[in-house]
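In the working numbering, the protein residues as written are 10 to 496. In what follows, a single structure is set out as structure tokens and then discussed.
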Amino acid sequence: GALLSGGIFSVPVKKKPKVLIIPTGSELVDWRNAVIEDIKPGQALETNSFVLGKLIESCGGSFIRHEIIKDDMEKIKAAVYDAVNSDFDIVLIIGGSSAGSEDYAKSVINDLGEVHVHGVTIMPGKPVIIGSINNKPVFGMPGYQVSSIVAFEQFVKPLICRMLEQPDNERKKIKVELTRKIASKLGVEEFLRVKLGVVGDRIVATPLPRGAGCITTLTKADGIIRIPNHIEGLNNYENVDAELLRPLPFIKNTIVAVGSHDNSLDILSDQIRSKHGGITLSSSNVGSMGGLMAIKKGVCHLAGSHLLNAEDGSYNISYIKKYLPDISIRLVNLVFRDQGLIIPHGNPKNIKGIEDIVRDDIEFINRQSGSGTRILLDYRLGQLGIEHLKIRGYENEEYTHMSVAVAVLSGAADFGLGIYAAAKALNLDFIPVVTEQYDLVIPKEHFESKNIRILLETINTTKFKKRVEALGGYHTERTGEIVAIID
């Protein structure tokens, strides 16, 4: 209005950078024409171009998506040649950036122009290629989704912002405290996705799975922690900077659970989120003892625990009294669950019980030290007089029941100790060992909070109990019951 009133009817503006996105790969299927049931092993839905397109628009650019090009170097080269000789300002080739016989991006850029960088010291996103053809920037983007997004944010977004003479706004940073120790590769800067939550007067960070293709870790993440390339990880309870992906009011409504892993927590999280949209549950799987230590440190609202007292067969209470003597606790049962041996379908090695763990032809997969499952195993080994040094694979550890089941399914192990639901989910066989008690350890100071009340109301619903029982091997007769008040 001010310009028009002043008689100024036109103004110079910056042209939106125009980006061509070229998805490549013979394994790719266009999701718009796909029927999920028809997707064959080895095929994958092409989604990266749509994600990158929206990221381009969010920082002021425009994009055109090329149709999928199969692994044909000449066709890829022709598409890139046409793009750099037209009105496109930037070209993104998705896939074909890592080493391999059918990774063509580097060869195409080299043939038509120059490769300036191939591979950077970040994770995820390491295979990115940065080149130029006809004085136009051309990028080879990793095929894995998270890698592609991280590479875009580090290299393509700053370029678009500079072309528009706009600031590349940095995310707000806050100090957070880690709920568990994180190992990282020396020489590579890692972008660690985390869930955040407020516990007392501190903000705590729970690491999410780190796979480069695990897109859901970005949809769930509240923040990013950068682990510098000169260190080999971060210690538990260490204070570090996190870049915020969500506003602080959202983070304040996160229930932070640290401790033993159980599949029912995923159902609990889903039901809380679906009925109470502003509240979320984040879980860090560090084992039952790790959960009690997290409560002691004050970095969580509750802990999942199934610690067996071998002397009287009780669960959790003796450990709480020993390790949390100065904290008032409300112990609430979540489930009883069947724990046993997870073995391949058909039991090809004729495993009959834990005593087979010492056989020369058996490779075992263990749970981490401090987990309730590990304590149960060591208790049973002691009963049988078996020394762990005689067990192949005893030192190989996983942090969840599903990870143990995956190790058995893949053939990396012949059996492991875990819950029936994990075996059922992957169509594996199961030999029962014990029905154990899995409780939520909740400090009194959090027990009466609004979010914990919502959590307790949720686990007492019929819907929650039925969904948990449908997993197999779960018993909910005492679910929601306060089994102990420890002051």
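Quick reminder that beta carbons are idealized off the backbone N, C-alpha and C, glycines included. Keep in mind it's a predicted model, so treat the numbers as computed, not measured.
- Assigned with DSSP and collapsed to three states, H410 falls in helix.
- Secondary structure of I288 (DSSP, three-state): coil.
- By alpha-carbon distance to M132, the top candidate from Y113, Y246, G149, V155 is V155.
- Per DSSP, the unbroken alpha helix (DSSP H) holding N460 starts and ends at 459-468.
- In the three-state scheme derived from DSSP, where H, G and I count as helix and E and B as strand, V129 is classed as coil.
- The beta carbons of Y246 and E186 sit closer together than 9 Å.
- Taking C-alpha positions only, K135 is separated from G489 by approximately 46 Å.
- Segment contact: the segment 434-453 against the segment 352-360, three or more CB-CB distances shorter than 8 Å; contact assigned.
- Comparing alpha-carbon positions, the option among V207, G209, I234, V208 lying closest to P216 turns out to be I234.
- When secondary structure is reduced to three states using DSSP, H270 falls in the coil class, being assigned neither helix nor strand.
- Here S314 is bridged, per DSSP, to D448.
- Judged by DSSP secondary structure, L12 falls within the alpha helix (DSSP H) whose first and last residues are 11-14.
- Around the beta carbon of Q348, 16 or more other beta carbons lie within 10 angstroms, which makes this residue buried.
- The distance from the Cβ of T188 to that of A303 is about 6 Å, consistent with a contact at the 8 Å cut-off.
- For P50, there is no enclosing beta strand (DSSP E), as DSSP marks it with neither H nor E.
- When DSSP reads this structure, A251 sits in a beta bridge with I183.
- If you draw a straight line from the Cα of P151 to the Cα of V344, it comes to about 42 Å.
- Fewer than three Cβ pairs drawn from the segment 365-379 and the segment 306-314 lie within less than 8 Å of each other, which leaves the two stretches out of contact.
- With respect to the 9 Å criterion, K229 and A214 are not classified as neighbours on the basis of their beta carbons.
- Counted as a single uninterrupted DSSP element, the beta strand (DSSP E) harbouring G149 occupies residues 145-150.
- The beta-carbon distance between D448 and L340, rounded to whole angstroms, is 5 Å. This is short enough to meet the 8 Å contact definition.
- In this structure, K25 lies away from G62, with their beta-carbon atoms at least 9 Å apart.
- By the C-beta density criterion, K115 is buried, having at least 16 other C-beta atoms within 10 angstroms.
- Counting only runs that start and end inside the segment 39-90, the alpha helix (DSSP H) elements of at least 4 residues fall at 57-67.
- Closest by C-alpha distance to S292, out of I276, K284, I48, is I276.
- One alpha carbon belongs to V20, the other to S14, and they sit about 14 Å apart.
- Between the segment 322-338 and the segment 252-265, the count of C-beta pairs closer than 8 Å stays below three; the two stretches do not touch.
- DSSP, read as helix, strand or coil, puts Q348 in strand.
- Taking a 10 Å sphere around the C-beta of T471, we find fewer than 16 other C-beta atoms and assign the residue as exposed.
- In its chain, beyond the 5 residues on either side, I363, E364 have a beta carbon closer than 8 Å to the beta carbon of L393.
- By the neighbour-count criterion, in which 16 or more other beta carbons inside 10 Å mark a residue as buried, G391 falls on the exposed side.
- Exclusion of the five residues before and after E162 leaves L64 as the residues of its chain whose Cβ lies within less than 8 Å of its Cβ.
- The distance from the Cβ of I102 to that of V89 is about 7 Å, consistent with a contact at the 8 Å cut-off.
- For F424, the number of other beta carbons within 10 angstroms of its own is at least 16, and it is reported as buried.
- Annotated three-state conformation of L343 is strand, per DSSP.
- Among the bridge pairs identified by DSSP, T485 is matched with none.
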